[in-house]
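Some notes on the structure that comes next.
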């Protein structure tokens with residue numbers, strides 16, 4: 305069996321790449337290990353309005369469950385800061401339905417998707433990736449797009465880097481019949497809740513929500529059980545679904561002879577939130593563009609395919625770097641200091657400033673709002689008072705402010 309391009313993995317990055325390749329007339333095959341697209345659901349499912357536009361996926365009742373206009377963040381001691389906007393900023397989506405939409409889009413353009421087909425290794429020819437080997441088939445290809453997900457096992461097998469920093473444990477459940485504020489996402493901080501990250505409550509309807517957390521330490525499922533009890537009391541929920549959340553930023557190299565690493569396999573997620581659908585999708589679009597050009601030129605060498613890394617780093621590198629710097633700083637802030645920060649923000653009346661910053665900011669391209677916050681006089685006073693001037697100076701220095 306042969307194709308011009310093989311995509312390993314039928315998640316959003318792989319499906320977007322396949323769609324773009326098929327639109328260019330490339331003979332592309334997608335091999336997905338699970339028996340159904342979008343399952344299991346590995347995501348909180350919060351996608352920004354701007355992000356969906358960027359990956360050319362207009363919101364649809366096929367997958368949109370709820371519109372988000374704001375959120376409430378809770379400090380470790382439970383102090384809330386509520387930020388509500390006048391317009392919709394994001395959607396809570398049914399990820400399985402969203403992925404199926406992307407699959408339909410790719411197939412409609414001409415891509416071929418095979419389910420229940422786990423790829424175990426790459427085919428090699430003279431040191432170059434020349435296809436893939438699955439349980440019941442081999443597929444030769446001129447170029448392979450590795451969208452296998454966070455494990456990066458296939459990439460590592462041929463000496464390419466795999467995500468190994470900031471890979472933490474995530475877990476999700478669905479609840480119903482509970483009191484949740486429509487249009488408002490909740491974020492809960494604290495080492496007792498979710499050490500090294502946060503917990504979330506994302507409304508999926510008037511009285512239903514997707515709840516989850518990610519953590520660096522402890523058992524994610526046990527921590528989620530404790531959080532649900534704290535937030536809702538006794539509540540019935542669906543079977544927990546675990547997955548890997550990545551907050552460590554992109555890997556150092558995302559190309560090789562005959563191969564491109566895309567999406568979670570390349571660490572192309574937001575270090576601040578772990579979200580990878582939009583950033584991974586944007587990188588997938590760049591990967592498809594370069595792969596198509598390589599096929600047209602008859603040159604799928606690492607030299608040609610390195611253009612992919614130059615392209616996505618040129619467009620998104622600053623965003624990844626900025627978000628990673630903020631994540632590393634936040635990871636070093638103790639619960640006590642975080643409590644002081646929340647108390648100072650509420651006491652100084654800066655919630656209006658925060659609303660303005662969020663309203664003007666971008667959920668995916670976060671460098672602008674981060675720098676705006678670090679140059680606002682009121683925010684500087686509060687940050688200096690709660691975090692300390694040395695810590696604030698260190699943070700501002702990271703952004704050359």
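Residue numbers (the working numbering): 305 to 705.
Glycine included, C-beta positions come from ideal geometry on N, C-alpha and C.
Kindly list the residues whose CB is nearer than 6 Å to the CB of residue i, restricted to its own chain and excluding five residues on each side of it in sequence; keep chain order.
i           : result
residue 568 : 453, 454 and 580
residue 624 : 553 and 554
residue 374 : 387, 388, 389 and 488
residue 661 : 673, 676 and 677
residue 541 : 477 and 479
residue 503 : 492, 497, 517 and 531
residue 402 : 367
residue 659 : 387
Among the residues of its own chain, which have a CB less than 7 Å from the CB of residue i, if the five just before and after it don't count?
i           : result
residue 710 : The question about residue 710 has no answer, for the chain in this structure spans 305 to 705.
residue 407 : 314, 319, 341 and 417
residue 397 : 349, 351, 367, 368 and 369
residue 652 : 682 and 686
residue 506 : 348, 349, 350, 396, 489, 513 and 514
residue 756 : Residue 756 cannot be examined here, being either before or after the span of the chain that is shown, 305 to 705.
residue 598 : 447, 604, 608 and 609
residue 576 : 627, 630, 631 and 670
residue 330 : 308, 309, 596 and 599
residue 561 : 431, 432, 433, 605 and 606
residue 689 : 648
According to DSSP, what are the bridge partners of residue i?
i           : result
residue 373 : Paired residues: none, contrary to the question.
residue 506 : 514
residue 450 : 312 and 565
residue 575 : Answer by DSSP bridge pairing: none, since residue 575 is not bridged.
residue 416 : 333
residue 306 : 444
residue 432 : 429
residue 405 : Note: residue 405 sits in no beta bridge, so no partner.
residue 560 : 563
At what residues does the beta strand (DSSP E) containing residue i begin and finish?
i           : result
residue 394 : 394 to 397
residue 771 : Examination of residue 771 is not possible in this model, given that the chain is present from 305 through 705 alone.
residue 545 : 545 to 550
Once you ignore the five residues that flank residue i on each side, which residues in its own chain have a CB closer than 8 Å to its CB?
i           : result
residue 511 : 480, 481, 482, 483 and 484
residue 666 : 352, 354, 672 and 673
residue 610 : 559
residue 600 : none
residue 698 : 633
residue 400 : 340, 341, 342, 343 and 345
Over the uninterrupted alpha helix (DSSP H) stretch that includes residue i, give me the two end residues.
i           : result
residue 615 : 606 to 635
residue 386 : Where residue 386 is concerned, there is no enclosing alpha helix (DSSP H), although the beta strand (DSSP E) it sits in stretches over 384 to 388.
residue 590 : 581 to 601
residue 681 : 681 to 691
residue 529 : 524 to 536
residue 638 : Premise fails: residue 638 is in no alpha helix (DSSP H) and is neither H nor E.
residue 555 : Per DSSP, residue 555 belongs to no alpha helix (DSSP H) and is neither H nor E.
residue 662 : 655 to 664
With 7 Å as the threshold, decide whether the Cβ of residue i is near any Cβ in chain C.
i           : result
residue 638 : Of the protein chains in the structure, only one exists, and it is not chain C.
Kindly provide the ranges of any alpha helix (DSSP H) runs that are 4 or more residues long and lie completely inside the stretch 323 to 374, ordered along the chain.
-> 353 to 358
Write down every uninterrupted run of the beta strand (DSSP E) in the stretch 438 to 499 whose length is 3 residues or greater and which is fully enclosed by it, in chain order.
-> 442 to 450, 471 to 480 and 488 to 492
Stretch-stretch touch, CB-based, cutoff 8 Å, three pairs: the stretch 580 to 596 with the stretch 632 to 650 | no
Any contact of the stretch 422 to 442 with the stretch 540 to 552, i.e. 3+ C-beta pairs under 8 Å?
-> no
Using 8 Å as the Cβ pair cut-off and three pairs as the minimum, do the stretch 581 to 590 and the stretch 486 to 498 touch?
-> With a cut-off of 8 Å, the stretch 486 to 498 and the stretch 581 to 590 do not count as touching, because too few Cβ pairs lie within range.
Taking three-plus beta-carbon pairs below 8 Å as touching, is the stretch 529 to 541 in contact with the stretch 459 to 469?
-> no
Counting Cβ pairs closer than 8 Å, one from the stretch 383 to 400 and one from the stretch 613 to 622, do we hit at least three?
-> no
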